[in-house]
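Each residue of the sequence shown is one higher than the last, beginning at 38 in our numbering.
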Amino acid sequence: MKLLTSPESNQIKVLAATDAWLYRNLNPAKILNNQEQARADRFVVETARTQFAFARAFLRTALGHALNMPAEDVTFGTGPHGKPFLAGQPSQSGLQFNLSHCSGLTLFAATLNSSVGVDVEQPDRSIDRHRFAQRFFHRLELERLSGLSPKEHRDVFFRIWTQKEAWLKALGVGLDLPLSSFAVTGEQGEAAALTCWDSDASAAEKWRLHSLELQGYPVTICSESNTWSLETELLL
38 MKLLTSPESN
48 QIKVLAATDA
58 WLYRNLNPAK
68 ILNNQEQARA
78 DRFVVETART
88 QFAFARAFLR
98 TALGHALNMP
108 AEDVTFGTGP
118 HGKPFLAGQP
128 SQSGLQFNLS
138 HCSGLTLFAA
148 TLNSSVGVDV
158 EQPDRSIDRH
168 RFAQRFFHRL
178 ELERLSGLSP
188 KEHRDVFFRI
198 WTQKEAWLKA
208 LGVGLDLPLS
218 SFAVTGEQGE
228 AAALTCWDSD
238 ASAAEKWRLH
248 SLELQGYPVT
258 ICSESNTWSL
268 ETELLL
(Lines of atoms letter the chains of each structure in order from A and count residues from 1; the text may use other names and numbers.)
(Lines give C-alpha, C1' and ligand atoms only; values in the text may rest on other atoms or scores of the structure.)
Protein backbone atom coordinates (compact mmCIF):
# COMPACT_ATOMS: atom_id res chain seq x y z
CA MET A 1 0.00 0.00 0.00
CA LYS A 2 1.64 3.22 -1.18
CA LEU A 3 -0.26 6.34 -0.18
CA LEU A 4 1.84 9.32 -1.19
CA THR A 5 5.32 10.68 -1.63
CA SER A 6 6.48 13.83 0.07
CA PRO A 7 4.99 16.96 -1.55
CA GLU A 8 7.10 19.07 -3.86
CA SER A 9 7.93 22.72 -3.22
CA ASN A 10 4.82 24.94 -3.27
CA GLN A 11 2.51 21.93 -3.36
CA ILE A 12 -0.10 20.68 -0.91
CA LYS A 13 -1.08 17.03 -1.02
CA VAL A 14 -4.38 15.96 0.50
CA LEU A 15 -5.41 12.38 1.23
CA ALA A 16 -9.08 11.80 2.00
CA ALA A 17 -10.08 8.40 3.37
CA THR A 18 -13.59 7.11 3.91
CA ASP A 19 -14.36 5.19 7.09
CA ALA A 20 -14.73 2.04 4.99
CA TRP A 21 -11.17 2.41 3.68
CA LEU A 22 -9.78 3.03 7.17
CA TYR A 23 -11.51 -0.04 8.62
CA ARG A 24 -10.30 -2.26 5.78
CA ASN A 25 -6.68 -1.13 5.71
CA LEU A 26 -5.60 0.00 9.18
CA ASN A 27 -5.18 -1.68 12.55
CA PRO A 28 -4.73 1.04 15.21
CA ALA A 29 -3.63 -1.53 17.82
CA LYS A 30 -0.50 -2.19 15.75
CA ILE A 31 0.20 1.45 14.84
CA LEU A 32 -0.52 3.67 17.85
CA ASN A 33 1.95 4.01 20.70
CA ASN A 34 0.99 3.45 24.34
CA GLN A 35 0.24 7.12 24.97
CA GLU A 36 -2.09 7.30 21.97
CA GLN A 37 -3.82 4.07 22.96
CA ALA A 38 -4.39 5.46 26.45
CA ARG A 39 -5.75 8.69 24.98
CA ALA A 40 -8.17 6.71 22.82
CA ASP A 41 -9.31 4.69 25.82
CA ARG A 42 -10.27 7.88 27.67
CA PHE A 43 -13.10 8.53 25.22
CA VAL A 44 -16.33 7.43 26.89
CA VAL A 45 -18.36 7.23 23.68
CA GLU A 46 -17.29 4.26 21.57
CA THR A 47 -17.79 6.01 18.22
CA ALA A 48 -15.54 8.88 19.33
CA ARG A 49 -12.92 6.42 20.58
CA THR A 50 -12.95 4.51 17.30
CA GLN A 51 -12.83 7.69 15.23
CA PHE A 52 -9.84 9.03 17.14
CA ALA A 53 -7.92 5.74 16.94
CA PHE A 54 -8.37 5.31 13.20
CA ALA A 55 -7.70 8.99 12.45
CA ARG A 56 -4.45 8.84 14.42
CA ALA A 57 -3.48 5.59 12.72
CA PHE A 58 -4.18 7.22 9.35
CA LEU A 59 -2.01 10.21 10.30
CA ARG A 60 0.89 7.95 11.25
CA THR A 61 0.46 5.82 8.13
CA ALA A 62 0.35 8.81 5.75
CA LEU A 63 3.39 10.41 7.40
CA GLY A 64 5.26 7.11 7.35
CA HIS A 65 4.73 6.82 3.59
CA ALA A 66 5.72 10.45 2.98
CA LEU A 67 8.88 10.05 5.08
CA ASN A 68 9.65 6.49 3.91
CA MET A 69 9.67 5.10 7.45
CA PRO A 70 7.47 2.76 9.52
CA ALA A 71 4.29 4.45 10.77
CA GLU A 72 4.95 3.38 14.36
CA ASP A 73 8.37 5.09 14.30
CA VAL A 74 7.02 8.57 13.52
CA THR A 75 7.59 10.85 16.52
CA PHE A 76 5.62 13.96 17.42
CA GLY A 77 5.99 17.12 19.42
CA THR A 78 3.09 19.36 20.43
CA GLY A 79 2.78 23.12 20.00
CA PRO A 80 1.58 25.44 22.78
CA HIS A 81 -2.01 25.15 21.56
CA GLY A 82 -1.96 21.39 20.98
CA LYS A 83 -1.06 21.23 17.27
CA PRO A 84 1.24 18.24 16.61
CA PHE A 85 4.46 18.52 14.62
CA LEU A 86 7.23 16.15 13.59
CA ALA A 87 9.97 15.70 16.17
CA GLY A 88 13.42 14.16 16.01
CA GLN A 89 15.06 13.22 12.71
CA PRO A 90 11.83 13.51 10.61
CA SER A 91 11.57 17.19 11.52
CA GLN A 92 14.55 17.91 9.26
CA SER A 93 12.41 16.99 6.23
CA GLY A 94 10.54 20.31 6.49
CA LEU A 95 7.25 18.42 6.18
CA GLN A 96 4.28 20.27 7.67
CA PHE A 97 0.93 18.52 8.09
CA ASN A 98 -2.58 18.74 9.45
CA LEU A 99 -5.45 16.32 10.04
CA SER A 100 -9.22 16.70 10.17
CA HIS A 101 -11.95 14.12 10.56
CA CYS A 102 -15.66 13.76 11.00
CA SER A 103 -18.04 10.84 10.79
CA GLY A 104 -17.44 9.30 7.37
CA LEU A 105 -14.29 11.06 6.16
CA THR A 106 -10.74 11.72 7.41
CA LEU A 107 -8.37 14.18 5.72
CA PHE A 108 -4.58 14.46 5.84
CA ALA A 109 -2.84 17.49 4.30
CA ALA A 110 0.94 17.92 3.87
CA THR A 111 3.26 20.54 2.45
CA LEU A 112 6.91 21.61 2.79
CA ASN A 113 8.24 24.44 4.96
CA SER A 114 4.90 26.20 5.24
CA SER A 115 2.14 25.96 7.82
CA VAL A 116 -0.98 24.15 6.62
CA GLY A 117 -4.49 23.65 7.94
CA VAL A 118 -7.36 21.50 6.74
CA ASP A 119 -10.94 21.12 7.91
CA VAL A 120 -13.87 18.88 6.95
CA GLU A 121 -17.36 19.06 8.39
CA GLN A 122 -20.39 16.79 8.23
CA PRO A 123 -23.05 18.75 6.30
CA ASP A 124 -26.03 16.76 7.59
CA ARG A 125 -25.18 17.23 11.27
CA SER A 126 -27.93 18.57 13.48
CA ILE A 127 -27.08 22.18 14.31
CA ASP A 128 -28.94 25.47 14.59
CA ARG A 129 -27.00 27.24 11.86
CA HIS A 130 -28.59 30.64 12.40
CA ARG A 131 -27.89 30.64 16.14
CA PHE A 132 -24.34 29.34 15.62
CA ALA A 133 -23.60 32.02 13.02
CA GLN A 134 -24.95 34.82 15.21
CA ARG A 135 -22.68 33.70 18.03
CA PHE A 136 -19.45 32.90 16.17
CA PHE A 137 -19.39 34.54 12.73
CA HIS A 138 -18.04 37.97 11.76
CA ARG A 139 -20.58 40.63 10.76
CA LEU A 140 -19.35 40.42 7.14
CA GLU A 141 -20.10 36.70 7.12
CA LEU A 142 -23.56 37.31 8.56
CA GLU A 143 -24.19 39.74 5.72
CA ARG A 144 -23.02 37.07 3.25
CA LEU A 145 -25.57 34.61 4.66
CA SER A 146 -28.44 37.07 4.73
CA GLY A 147 -31.27 36.41 2.28
CA LEU A 148 -30.01 33.06 0.99
CA SER A 149 -32.30 30.14 0.24
CA PRO A 150 -32.16 27.24 2.77
CA LYS A 151 -29.85 25.17 0.54
CA GLU A 152 -27.59 28.12 -0.28
CA HIS A 153 -27.49 29.06 3.41
CA ARG A 154 -26.39 25.54 4.36
CA ASP A 155 -23.71 25.39 1.66
CA VAL A 156 -22.25 28.83 2.41
CA PHE A 157 -22.50 28.29 6.18
CA PHE A 158 -20.37 25.15 6.04
CA ARG A 159 -17.87 26.72 3.65
CA ILE A 160 -17.46 29.63 6.06
CA TRP A 161 -17.09 27.22 8.97
CA THR A 162 -14.44 25.07 7.27
CA GLN A 163 -12.56 28.16 6.05
CA LYS A 164 -12.43 29.61 9.55
CA GLU A 165 -11.33 26.31 11.10
CA ALA A 166 -8.69 25.64 8.42
CA TRP A 167 -7.13 29.08 8.94
CA LEU A 168 -7.07 28.69 12.72
CA LYS A 169 -5.45 25.26 12.33
CA ALA A 170 -2.86 26.67 9.94
CA LEU A 171 -2.10 29.39 12.49
CA GLY A 172 -1.86 26.72 15.18
CA VAL A 173 -3.83 28.71 17.75
CA GLY A 174 -6.89 26.50 18.13
CA LEU A 175 -9.96 28.32 19.40
CA ASP A 176 -7.96 30.79 21.50
CA LEU A 177 -8.62 33.29 18.71
CA PRO A 178 -12.32 34.33 18.67
CA LEU A 179 -14.09 33.08 15.54
CA SER A 180 -15.87 36.40 15.19
CA SER A 181 -12.62 38.41 15.05
CA PHE A 182 -11.93 37.59 11.39
CA ALA A 183 -13.91 37.01 8.20
CA VAL A 184 -13.72 34.69 5.19
CA THR A 185 -15.58 34.78 1.88
CA GLY A 186 -17.51 31.51 2.08
CA GLU A 187 -16.91 31.03 -1.64
CA GLN A 188 -15.98 27.82 -3.44
CA GLY A 189 -12.63 26.96 -5.02
CA GLU A 190 -9.92 29.59 -5.22
CA ALA A 191 -12.46 32.34 -4.48
CA ALA A 192 -12.22 31.20 -0.86
CA ALA A 193 -10.19 33.78 1.04
CA LEU A 194 -9.51 35.47 4.33
CA THR A 195 -10.95 38.97 3.93
CA CYS A 196 -10.10 40.64 7.23
CA TRP A 197 -8.71 40.10 10.70
CA ASP A 198 -9.36 42.73 13.33
CA SER A 199 -5.84 42.29 14.78
CA ASP A 200 -3.87 42.44 11.50
CA ALA A 201 -5.10 44.33 8.46
CA SER A 202 -2.44 42.74 6.23
CA ALA A 203 -3.26 39.11 7.16
CA ALA A 204 -5.46 38.54 4.10
CA GLU A 205 -2.43 38.99 1.84
CA LYS A 206 -0.41 36.30 3.64
CA TRP A 207 -2.81 33.37 3.43
CA ARG A 208 -4.52 31.41 0.69
CA LEU A 209 -7.56 29.17 1.07
CA HIS A 210 -9.17 26.65 -1.26
CA SER A 211 -12.63 25.17 -0.65
CA LEU A 212 -14.08 22.11 -2.37
CA GLU A 213 -16.39 19.17 -1.82
CA LEU A 214 -15.18 15.59 -1.40
CA GLN A 215 -17.81 12.86 -1.30
CA GLY A 216 -20.37 15.55 -0.47
CA TYR A 217 -18.35 16.86 2.50
CA PRO A 218 -17.31 20.55 2.60
CA VAL A 219 -13.52 20.85 2.86
CA THR A 220 -11.09 23.77 3.08
CA ILE A 221 -7.29 23.78 2.87
CA CYS A 222 -5.25 26.78 4.02
CA SER A 223 -1.57 27.69 3.82
CA GLU A 224 0.47 30.85 4.23
CA SER A 225 2.02 30.63 0.77
CA ASN A 226 0.03 32.21 -2.06
CA THR A 227 1.50 30.11 -4.89
CA TRP A 228 0.82 26.50 -3.90
CA SER A 229 -0.83 23.92 -6.11
CA LEU A 230 -3.24 21.33 -4.77
CA GLU A 231 -3.26 17.57 -5.34
CA THR A 232 -6.03 15.46 -3.82
CA GLU A 233 -6.52 11.69 -3.64
CA LEU A 234 -9.66 9.94 -2.43
CA LEU A 235 -9.34 6.53 -0.77
CA LEU A 236 -12.62 4.65 -0.97
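The beta carbon of each residue, even a glycine, is placed where N, CA and C say it ideally should be.
Legend entry - Contact the stretch 58 to 65 vs the stretch 159 to 177: 3+ CB pairs below 8 Å: No, because fewer than three Cβ pairs between the stretch 58 to 65 and the stretch 159 to 177 fall closer than 8 Å, the two stretches do not touch.
Legend entry - Beta-carbon proximity of V111 to P127, cut-off 8 Å: In this structure, P127 lies closer than 8 Å to V111 by Cβ.
Inset, instruction - Rank L273, A229, V193, S130 by C-alpha distance to the C-alpha of E242 and give the top, closest one. - result: The residue from L273, A229, V193, S130 with its alpha-carbon nearest to that of E242 is A229.
Legend entry - Touching by the beta-carbon criterion (3+ pairs, under 8 Å), the stretch 260 to 271 and the stretch 45 to 58: Contact between the stretch 260 to 271 and the stretch 45 to 58 is present, because at least three Cβ pairs lie under 8 Å.
Inset, instruction - Tell me whether H118 sits in a helix, a strand or coil according to DSSP, three-state version. - result: Per DSSP, reduced to three states, the secondary structure at H118 is coil, with no helix or strand assignment.
Inset, instruction - Check each candidate in A147, L208, A92, N71 and name the one with the smallest Cα separation from E45. - result: The residue from A147, L208, A92, N71 with its alpha-carbon nearest to that of E45 is A147.
Legend entry - V256 beta carbon less than 8 Å from that of S248: Yes; because the gap between Cβ atoms is below 8 Å, this pair is in contact.
Legend entry - Contact under 8 Å by Cβ, F145 with L214: No, Cβ-Cβ distance for F145 and L214 is not below 8 Å.
Legend entry - S266 - partner residues in DSSP beta bridges: Its beta-bridge partners are Q48.
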